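Residue numbers (the UniProt record's numbering): 1 to 56.
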């Protein structure tokens with residue numbers, strides 16, 4: 001299996017989602033209905049998909 005670097009847009013989207021998770025963990029965003037763990041998991045899955053699949 002060959003791993004590829006993620007595109008800039010996938011990296012930036014996952015970074016923004018991770019920052020939202022950190023802010024949600026600090027209870028600054030009370031309107032987000034998901035726990036911060038699941039938000040960070042989504043960011044990690046998105047970044048992993050960007051590394052595994054070519055062109056994403």
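Positions of the beta carbon are idealized from the N, C-alpha and C atoms, including for glycine.
Please read all numbers here as calculations on a predicted model, not as lab measurements.
- Leaving aside the five residues that flank residue 34 on each side, none in its chain has a CB nearer than 6 Å to its CB.
- Taking C-beta separations shorter than 7 Å and ignoring five residues to either side along the sequence, the partners of residue 24 in its chain run 32, 36 and 39, following chain order.
- Within the stretch 26-55, the alpha helix (DSSP H) runs of at least 4 residues that lie entirely inside it are, in chain order, 36-52.
- One alpha carbon belongs to residue 14, the other to residue 46, and they sit about 6 Å apart.
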